DNA sequence: TCCTAAAAGATGTATAGACATAATGGGGTC
DNA sequence: GACCCCATTATGTCTATACATCTTTTAGGA
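Protein chains in written order, with our numbering: chain A, 1 to 248; chain B, 249 to 496.
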């Protein structure tokens with residue numbers, strides 16, 4: 001059922017390095033509420049004395065905690081336990097083949113539609129490319145155990161992805177191919193619920209109007225739009241799971 | 249529409265500190281693909297020479313990049329550009345009042361149901377407390393511009409939250425109160441789509457069967473369950489948005 | 001009294017050096 | 001040739017020190 005799980009923290013309950021021990025210790029005091037929000041934590045030199053180490057070591061720990069958002073540091077004044085920034089969760093979206101295989105179901109996919117065309121005005125909202133840019137428009141149905149699992153509707157910016165027009169997406173699903181090709185990216189996710197329309201319902205083998213979980217992702221690499229994908233899951237059967245622990 | 253947006257990176261295109269400059273430089277080479285996945289990046293001593301700084305400075309940058317998942321470090325072998333771990337996104341869920349107010353709509357809420365009771369077997373799946381524990385069971389409807397915006401169904405573990413049984417949740421919504429009370433927490437999110445049942449539909453003023461976005465969150469503090477909440481949004485009207493840029 | 005300037009106190013950044021740790025590769029031995 | 005041991009090498013961690021930077025506080029002068 002779960003798409004994925006991820007825990008950020010490096011949880012060494014039992015101290016490994018001194019760095020780890022100090023980090024866990026301080027984090028523990030914050031998490032437990034022993035040091036409430038707004039509390040000024042001891043100065044670097046005092047912590048250094050307390051743990052019997054140099055200020056540099058403490059400084060690195062505090063820098064890490066500050067980056068993680070647990071504390072805020074003010075020159076001259078000291079370091080303070082910060083208001084939890086709101087909830088932050090790390091959400092990991094693995095590629096769909098892995099997702100299916102982790103459920104111990106045989107994976108397959110088919111491509112009912114794929115074609116090259118010029119970007120139109122409406123595509124601008126999706127892919128962030130100028131009108132007229134050559135794009136690849138692919139629809140892909142992922143199957144788990146022979147039954148439809150997820151509908152993937154994807155646009156790829158041919159200008160920014162080398163060799164995408166030669167790739168054979170009937171052999172490798174586009175998502176997996178892109179993951180292996182495009183080095184790294186920034187991404188924007190949009191997650192919402194929608195009732196399945198007639199086409200979607202047919203392709204997923206569900207009834208029209210069924211509540212579906214829709215994940216739209218836009219990806220950039222070095223400032224240029226790479227791809228836009230819309231993943232539709234039958235909503236009652238699938239969920240995104242994200243586990244989050246402050247720190248790192 | 250958007251619940252929230254968060255960008256992790258500290259994007260100083262134009263170098264501030266040496267640390268920042270090296271970090272941006274190396275990250276750039278990875279993001280641009282100049283250093284492809286699996287590429288062994290120069291040794292610390294070589295980078296130190298290249299940037300005219302000490303090994304410690306380079307070491308700190310690489311440590312940070314490793315923590316962010318951009319590179320993997322292997323003793324003796326060197327540091328390598330890592331396979332993007334899959335997509336990771338930082339998802340921030342702010343409290344609902346802020347969410348509504350950021351839409352420039354007047355916020356209000358009402359509490360159709362609230363009561364103290366003992367945890368039953370069925371609650372174990374939700375809140376992770378032993379049967380018989382005293383819990384608070386609250387239903388809360390959040391309104392934006394006078395119209396239902398979100399349905400909140402919440403369980404609070406009275407044993408782990410000081411003063412929750414005295415709090416007046418007709419004045420402050422429970423989510424906001426908890427955020428200000430409980431210092432920090434680990435959380436597990438489950439996001440899925442569901443059709444509105446009769447009760448939900450009535451409370452949200454929508455038709456039965458409407459696709460809704462459901463976010464379930466369980467929160468712990470220092471190992472003890474704090475609260476479980478189920479937020480139901482009419483799906484066509486709301487979406488979660490998460491922006492992600494690699495690096496920390 | 002009030003404004004300004006200097007001192008003090010905290011973090012920020014960087015260095016050089018030391019030792020620990022782990023993987024690799026190259027012997028040497030059987 | 002197979003195996004084990006050890007030197008090599010790159011990263012991991014920590015220290016002691018130095019100077020920069022930014023606030024707050026204090027002291028001084030008009």
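By construction, the Cβ of each residue, glycine as well, lies at the ideal position given by its N, Cα and C atoms.
Predicted, not measured: the structure shown is a model, and the values here were computed from it.
For this session: Rounded to whole angstroms, what's the CA-CA distance from residue 180 of chain A to residue 173 of chain A? Just pull it up for me.
Result: 11 angstroms
For this session: Assign residue 254 of chain A to one of two classes, buried (16 or more other C-beta atoms within 10 Å of its C-beta) or exposed (fewer than that).
Result: Any property of residue 254 of chain A remains undetermined from this structure, which presents chain A solely from 1 to 248.
Problem set entry | Inter-residue Cα distance where the pair is residue 188 of chain A and residue 52 of chain A | 45 angstroms
Exercise. How is residue 287 of chain B classed by DSSP in three states: helix, strand or coil?
Worked result: coil
Exercise. By a C-beta neighbour count over all protein chains shown, 10 Å radius and 16 as the cutoff for buried, is residue 280 of chain B buried or exposed?
Worked result: exposed
For this session: Can you pull the chain B residues whose beta carbon is under 9 angstroms from the beta carbon of residue 209 of chain A, in chain order?
Result: 443, 457 and 459
Exercise. Should residue 234 of chain A be labelled buried (16 or more other beta-carbon atoms within 10 Å of its own) or exposed?
Worked result: buried
Exercise. Counting along the chain, where does the beta strand (DSSP E) carrying residue 148 of chain A start and finish?
Worked result: 147-157
For this session: Grab me the residues of residue 264 of chain A's own chain with a C-beta within less than 6 angstroms of its C-beta, minus the 5 sequence neighbours each way, in chain order.
Result: The structure shown does not extend to residue 264 of chain A, since chain A is modelled only from 1 through 248, so no value can be given for it.
Problem set entry | Own chain, CB closer than 6 angstroms to residue 224 of chain A, minus 5 neighbours either side, in chain order | 160
Exercise. How far does the alpha helix (DSSP H) with residue 503 of chain B in it reach, from first residue to last?
Worked result: Missing from the structure shown is residue 503 of chain B; chain B here goes from 249 to 496 and no further.
Exercise. Exposed or buried, which one is residue 208 of chain A when buried takes at least 16 other CB atoms within 10 Å?
Worked result: exposed
Exercise. Considering only C-alpha positions, which residue in the set B:434, B:368 and B:396 is nearest to residue 356 of chain B?
Worked result: B:396
Exercise. Is the shortest distance between the beta-carbon of residue 483 of chain B and the beta-carbons of chain A less than 7 angstroms?
Worked result: yes
Exercise. Helix or strand or just coil, what does DSSP make of residue 320 of chain B?
Worked result: strand
For this session: Have a look at residue 485 of chain B and residue 365 of chain B and give me their C-alpha separation to the nearest angstrom.
Result: 34 angstroms
For this session: Reducing DSSP to helix, strand and coil, say where residue 204 of chain A ends up.
Result: helix
Exercise. Do you know offhand how far residue 98 of chain A's Cα is from residue 417 of chain B's?
Worked result: 44 angstroms
Problem set entry | Cβ neighbours of residue 442 of chain B in the same chain (closer than 6 angstroms, five flanking residues each side left out) | 460 and 462
Problem set entry | Boundaries of the alpha helix (DSSP H) in which residue 28 of chain A is found, first to last residue | 18-31
Exercise. Where do the N-terminal and C-terminal ends of the beta strand (DSSP E) with residue 99 of chain A fall, by residue?
Worked result: That residue, residue 99 of chain A, is in no beta strand (DSSP E); its alpha helix (DSSP H) goes 96-101.
Exercise. Should residue 10 of chain A be labelled buried (16 or more other beta-carbon atoms within 10 Å of its own) or exposed?
Worked result: Confidence at residue 10 of chain A is low in this model, with a pLDDT of 31, below 50, so the placement of that residue should be treated as unreliable; the coordinate-derived value is given next. The residue in question, residue 10 of chain A, is exposed, as its Cβ has fewer than 16 Cβ neighbours within 10 Å.
Exercise. With distances taken between CB atoms, is the gap from residue 386 of chain B to residue 362 of chain B smaller than 7 angstroms?
Worked result: yes
Exercise. Looking at C-alpha atoms only, which residue of B:282, B:275 and B:448 is the closest neighbour of residue 316 of chain B?
Worked result: B:275
Problem set entry | Limits of the unbroken alpha helix (DSSP H) element including residue 180 of chain A | 174-181
Exercise. Bridge partners of residue 357 of chain B, per DSSP?
Worked result: B:390
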